[in-house]
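Trainee:
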Amino acid sequence: MSERVIYNCKDILIGLGPYRLTGYADDAFLSVEDMAEEAAPTAGCDGAVVVSLDPNPCSKVTITNLYGVQANKILNNLAQRLRDGELQTFPLLIKKRNGEVLLSAEEAWVAKTPNSDFGRKAGNRQWILYTADSERGSV
Numbered sequence: 031m032s033e034r035v036i037y038n039c040k041d042i043l044i045g046l047g048p049y050r051l052t053g054y055a056d057d058a059f060l061s062v063e064d065m066a067e068e069a070a071p072t073a074g075c076d077g078a079v080v081v082s083l084d085p086n087p088c089s090k091v092t093i094t095n096l097y098g099v100q101a102n103k104i105l106n107n108l109a110q111r112l113r114d115g116e117l118q119t120f121p122l123l124i125k126k127r128n129g130e131v132l133l134s135a136e137e138a139w140v141a142k143t144p145n146s147d148f149g150r151k152a153g154n155r156q157w158i159l160y161t162a163d164s165e166r167g168s169v
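Those letters in the sequence shown? Residues 31 to 169, by the working numbering.
Structure representation (structure tokens):
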């Protein structure tokens with residue numbers, strides 16, 4: 031019997047401090063990337079190889095929202111505070127509706143305001159957040 035897995039994008043929940051972020055884009059709306067390679071090789075001139083373990087626990091989280099949703103207003107407010115010289119951090123929790131944690135971090139912040147594209151149809155806004163000391167769940 032083959033393995034069956036059911037995925038529903040509505041089961042992915044994103045919480046940033048007191049805010050629940052919603053209004054995800056219609057396709058890829060979430061990307062989580064480790065900021066360091068876990069084991070990076072370095073080769074010497076004679077072919078000797080050393081594997082360095084990188085202890086960097088930070089992550090880059092990209093959230094893509096539909097134009098005009100409340101989450102954009104929340105994130106834009108945080109980005110404005112950053113431009114004003116105030117780095118405001120919040121805990122970040124990304125999990126499935128069944129409780130399975132995909133990523134958690136005690137501190138996360140908005141990196142910058144996204145590019146704004148305007149056209150015949152409403153587009154998306156892509157937000158980049160960075161985390162300190164994040165923990166990843168299943169891939």
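Note that CB positions come from ideal geometry on N, CA and C, so glycine has one too.
Short of 7 Å in beta carbon distance, which residues of its chain neighbour Ala109, apart from the five on each side in sequence? Order them along the chain.
Mentor: Here residue 109 is taken as the residue at index 79 of the sequence shown, counted from 1. Excluding sequence neighbours, Ala109 sits near Val140, Lys142, Thr143.
Trainee: Grab the span of the beta strand (DSSP E) containing Asn154 for me, first residue to last.
Mentor: Position 124 of the sequence shown, counted from the start, is the residue given in the question as residue 154. Element bounds for Asn154: 154 to 162.
Trainee: In the DSSP assignment, find the unbroken alpha helix (DSSP H) run with Arg150 in it and report its ends.
Mentor: Locating residue 150 in the sequence shown gives position 120, counting from the first residue. Element bounds for Arg150: n/a, residue is neither H nor E.
Trainee: Can you tell me which residues form a DSSP beta bridge with Glu165?
Mentor: Counting from 1 along the sequence shown, the entry for residue 165 is found at position 135. Bridge partners of Glu165: Ser134.
Trainee: What are the partner residues of Leu83, as DSSP defines its beta bridges?
Mentor: In the sequence shown, counting from the first residue as 1, residue 83 sits at position 53. Ala69, per the DSSP bridge assignment.
Trainee: Name, in chain order, the residues that DSSP records as bridge partners for Val91.
Mentor: On the sequence shown, position 61 is the one that residue 91 refers to. In DSSP, Val91 forms a bridge with Val62, Leu159.
Trainee: Where do the ends of the beta strand (DSSP E) carrying Lys126 lie?
Mentor: The sequence position of residue 126 within the sequence shown is 96, counting from 1. Lys126 -> beta strand (DSSP E) spans 120 to 126.
Trainee: Rounded to a whole number of angstroms, what is the C-alpha to C-alpha distance between Ser146 and Asn128?
Mentor: Taking the first residue of the sequence shown as 1, we reach residue 146 at position 116. Taking the first residue of the sequence shown as 1, we reach residue 128 at position 98. Cα to Cα, the separation comes out at about 34 Å.
Trainee: Three-state secondary structure (DSSP) at Ala55?
Mentor: Taking the first residue of the sequence shown as 1, we reach residue 55 at position 25. Note: Ala55 maps to coil in three-state DSSP.
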